[in-house]
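Keeping their order, the protein sequence lines are chains F and Y. The opening residue of the first sequence carries number 549 in this note's numbering; numbering runs sequentially from there. The opening residue of the second sequence carries number 48 in this note's numbering; numbering runs sequentially from there. Following: one structure in structure tokens, then a few remarks.
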Amino acid sequence: MAVRPATLPRPTPVAGRPFTLSGFLEREGIFSWLMLGPGVLFLLAFVAYPFFYGIFLSLEERRVASEGVFVGLANFRTLAHDAVFWQVTRNTFFYVVVTTVLKLCGGLAMALVVNQSFRGKNLARAALLLPFIVPTALSTVAWMWILDPTFSVVNWLLVRAGAITTGYSWLGNASLAMWSLVAVNTWRGLPFYGITLLAGLQTISPDLYEAAAIDGASTVQRFLYVTLPVIKPVLIIVTMFSVIFTFGDFQLIYALTHGGPANATHVFSTLAFDIGMSAGQLGMGAAVALAILPALAVLIVGLTFYLRRE
Amino acid sequence: MVGGRQFLTRFRQLYLPLAVFLVVLLFPFYWMLITSIKPNRELYNAKIMPLIVYQPTLKHYTDLLTETNFLTWTYNTMLVAVITTAISLVLGTMIAYPLARMRFPGSAVIAIGVAATYLVPQPLLFIPMADIINRLDLGNTLTAVMLTYPTLLIPFCAWLLMGYFKSVPRELEEAARIDGASRFQAMTRVVLPLCTPGLLSAGIFAFTLAQNEFLYALIFLAKSEVRTVPVGAITELIRGDVFYWGQLMAAALLGSVPVALIYSFFVEYYVAGLTAGSVKS
């Protein structure tokens, strides 16, 4: 019996078929673009357009409810000579760098701790992620009360422990306020690192550790030569994501200090809000907001390339 | 003693650090709860031990529910979160499916564009967005936030769902097509049902993000009746008057309950969504 190769019904060439609407809609390109259309148009209208409109606004002297006047780079020149702007730049980078280091180290520690097996580990893992999932503005309210100048429970504990005699004004003192914000941001973001890195740790096969142990590797060596290399991609991506979002952090700072005292905790986003919204200078506010862009562009391009290489 | 030494190691490597993490990360929630049920005479008395409550009261809760717009804010928050999540899931699916499955001109550009919109932070957009919303005459309407939240959620949903769609074997769709299903039917009847976990993850994540949003709500919603819980709590319950801390904590706690409840039911899906971007399975 001759076995013929199974032939699937071959689609006849498009040209040889009478044109039908359903056939037209079934074409890969047409179908794809019809599906993409609404979403892409939406993102063009409400992300791409505002983005470029923001650049245009930054070149204008523009107040709320009045016509804008094109001023070229004047807003940026003003900012470049503004001591507050440079202070805010330092604040932003300090805030991003310090919180990132703390979240990364703390998150890695948390992942290593909860990666061990113990009773109730699922519950513990779920509970530890709570700071990240509860709306930030609301958990920040708890922190305002924890750090209250008169009734701070931290002060109460420190006084009780004999570490200090009178309480600090955690949010009112210019040198302490930034550290308080760093602490709260770390508190909120650390679980994100912890749980994501945990997922990375769980991809490591126990065989690797066994092999390393047989070869006589110490705990530290196993961490350095087995754990770290395997979770490196996760580590890099989580950190980049977190850095990008920390650069854009607004609500935590706005709720806790409004950028005060005396601009000590202002970052780009809160300063842009003050100038653009509270003072109604849209052009100058847009210029301040754009100050995030250079650092962000480097990060986004880096991350995009990294993701595509993977 | 071997057992003792083993316990000591386990104590050092597990119990002690775990306890530290749990206490530090969960203390603020304990503090919310305890503050919200303390009577004012305990709250504003620096002399007594603050860590426990002596005479618990629900007064702050009844005050919050009767004297403020908290219930309206909760309704607004829920409405906005549900609608924006639905919009974002639908549009996110429609973007993700062709990008994951089809070959067509322009797909690379769109893929990069979607990733970029996900990473553009709000502070870069809120000033021009405020002007646009003003021109559209949408200030102080929930429509303003329903239009703007999906800009944060669609790229995320699309990104997450792409991974799930790619994991469905092509043969299943091809089989359906041979049986006469159109491309759209192959998507809705074959691929989407198989990707239910992904849709759940994206939906839950989008829902919590929508509940968490603050900046757009702060800018666009200046009237009390249209505010969401985070903005209402921050702008209206903080009145520079110390006697509102109990109410504020009650609001923070009640406002967190919906998210926490949904999260507790779908932890795995939430974590899957959280890690999808960074962990390749």
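Glycine is no exception: its CB is placed at the ideal position from the N, C-alpha and C atoms.
Min CB distance residue i to chain Y below 8 angstroms
i	result
Gly824 of chain F	yes
Ser687 of chain F	yes
Gln859 of chain F	A query on residue 859 of chain F cannot be resolved here, the shown segment of chain F reaching from 549 to 858 and no further.
Tyr716 of chain F	no
Ile712 of chain F	no
Pro697 of chain F	no
Gly720 of chain F	no
Ala843 of chain F	no
Pro586 of chain F	yes
Ala820 of chain F	yes
Leu830 of chain F	yes
Pairwise C-alpha distance: residue j and residue i
i	j	result
Ala205 of chain Y	Met141 of chain Y	8 angstroms
Arg736 of chain F	Ala223 of chain Y	46 angstroms
Phe212 of chain Y	Arg770 of chain F	36 angstroms
Gly320 of chain Y	Ala709 of chain F	42 angstroms
Leu199 of chain Y	Gly50 of chain Y	53 angstroms
Thr160 of chain Y	Leu592 of chain F	In the sequence on display, residue 160 of chain Y carries Gly and not Thr. Cα to Cα, the separation comes out at about 10 angstroms.
Leu819 of chain F	Ser570 of chain F	54 angstroms
Thr82 of chain Y	Met296 of chain Y	6 angstroms
Asn663 of chain F	Pro64 of chain Y	12 angstroms
Leu105 of chain Y	Gln294 of chain Y	10 angstroms
Ser753 of chain F	Gly655 of chain F	21 angstroms
Pro329 of chain Y	Ala233 of chain Y	Past the edges of chain Y, shown from 48 to 328, lies residue 329 of chain Y, and the structure says nothing about it.
Val237 of chain Y	Met149 of chain Y	15 angstroms
Ala307 of chain Y	Arg88 of chain Y	30 angstroms
Phe252 of chain Y	Tyr317 of chain Y	6 angstroms
Leu584 of chain F	Pro97 of chain Y	56 angstroms
Val70 of chain Y	Glu609 of chain F	50 angstroms
Ala657 of chain F	Ile130 of chain Y	38 angstroms
Val661 of chain F	Ala191 of chain Y	44 angstroms
Ala162 of chain Y	Val215 of chain Y	22 angstroms
Asn639 of chain F	Leu80 of chain Y	33 angstroms
Classification of residue i by the beta-carbon crowding that lies within 10 angstroms, buried from 16 upward
i	result
Glu114 of chain Y	exposed
Phe58 of chain Y	exposed
Ala158 of chain Y	buried
Trp634 of chain F	exposed
Asn92 of chain Y	exposed
Asn670 of chain F	exposed
Leu729 of chain F	buried
Phe795 of chain F	buried
Pro168 of chain Y	buried
Asp696 of chain F	buried
Contact set between residue i and chain Y, taken where Cβ atoms lie within less than 9 angstroms
i	result
Ile694 of chain F	Phe74, Pro75 and Trp78
Ala827 of chain F	By Cβ distance, chain Y contributes nothing, its closest Cβ being about 12 angstroms from Ala827 of chain F, past 9 angstroms.
Gln664 of chain F	Arg57, Gln60, Leu61 and Leu65
Ile848 of chain F	Ala162, Ala163, Leu166 and Val167
Thr490 of chain F	With chain F represented from 549 up to 858, any question about residue 490 of chain F goes unanswered, as that position is not in the structure.
Neighbourhood of residue i by C-beta, 8 angstroms cutoff - its chain only, sequence neighbours within 5 removed
i	result
Ile694 of chain F	Ser700, Val701 and Val702
Leu208 of chain Y	Gly139, Thr140, Ala143, Tyr144, Ala147, Cys242, Gly245, Leu246 and Ala249
Phe312 of chain Y	none
Beta carbon proximity, residue i to chain F, threshold 8 angstroms
i	result
Phe203 of chain Y	no
Phe313 of chain Y	no
Asn123 of chain Y	no
Ala147 of chain Y	no
Ser229 of chain Y	yes
Trp338 of chain Y	Residue numbering for chain Y in the displayed model covers 48 to 328; residue 338 of chain Y lies beyond these limits and cannot be assessed.
Ile130 of chain Y	no
Pro86 of chain Y	no
Ser214 of chain Y	no
Residue i: contacting residues in chain Y (beta-carbon distance under 7 angstroms)
i	result
Ile752 of chain F	Those within 7 angstroms of Ile752 of chain F in chain Y number zero; the least Cβ separation is about 12 angstroms.
Pro598 of chain F	Leu172, Pro175, Met176 and Ile179
Ala803 of chain F	Ile281
Val661 of chain F	Leu61, Pro64, Leu65 and Phe68
Thr637 of chain F	Within 7 angstroms Cβ-Cβ: nothing; Thr637 of chain F doesn't reach chain Y, min ~14 angstroms.
Within chain F, the residues that residue i reaches when beta carbons sit closer than 7 angstroms
i	result
Thr255 of chain Y	Ile681
Tyr310 of chain Y	Ile681
Interface partners of residue i on chain Y, CB under 8 angstroms
i	result
Tyr601 of chain F	Pro175, Asp178 and Ile179
Leu607 of chain F	Ordered by position in chain Y, no residue passes the 8 angstroms Cβ test against Leu607 of chain F, which lies about 12 angstroms from the chain.
Pro739 of chain F	Leu72
Nonlocal neighbours in the same chain, by C-beta distance under 7 angstroms from residue i, ignoring five residues either side
i	result
Ile266 of chain Y	Phe173 and Ala177
6 angstroms Cβ shell around residue i - same chain, five flanking residues per side excluded
i	result
Arg274 of chain Y	Trp120 and Leu268
Phe740 of chain F	Phe680
Ala550 of chain F	Because the pLDDT of Ala550 of chain F is 48, which lies under 50, any placement of that residue in the model is unreliable, and the number read from its coordinates should be weighed accordingly. Here the set comprises nothing.
Pro197 of chain Y	Thr131, Ile134 and Ser135
Ile840 of chain F	Phe795 and Phe816
Proximal chain F residues relative to residue i, where beta-carbon distance stays under 8 angstroms
i	result
Thr115 of chain Y	Residues of chain F passing the Cβ test: none, with the nearest at roughly 14 angstroms.
Any non-hydrogen atom of the ligand NAD closer than 7 angstroms to residue i Cβ
i	result
Ala820 of chain F	The ligand NAD is not part of the structure shown, which contains no ligands of any sort.
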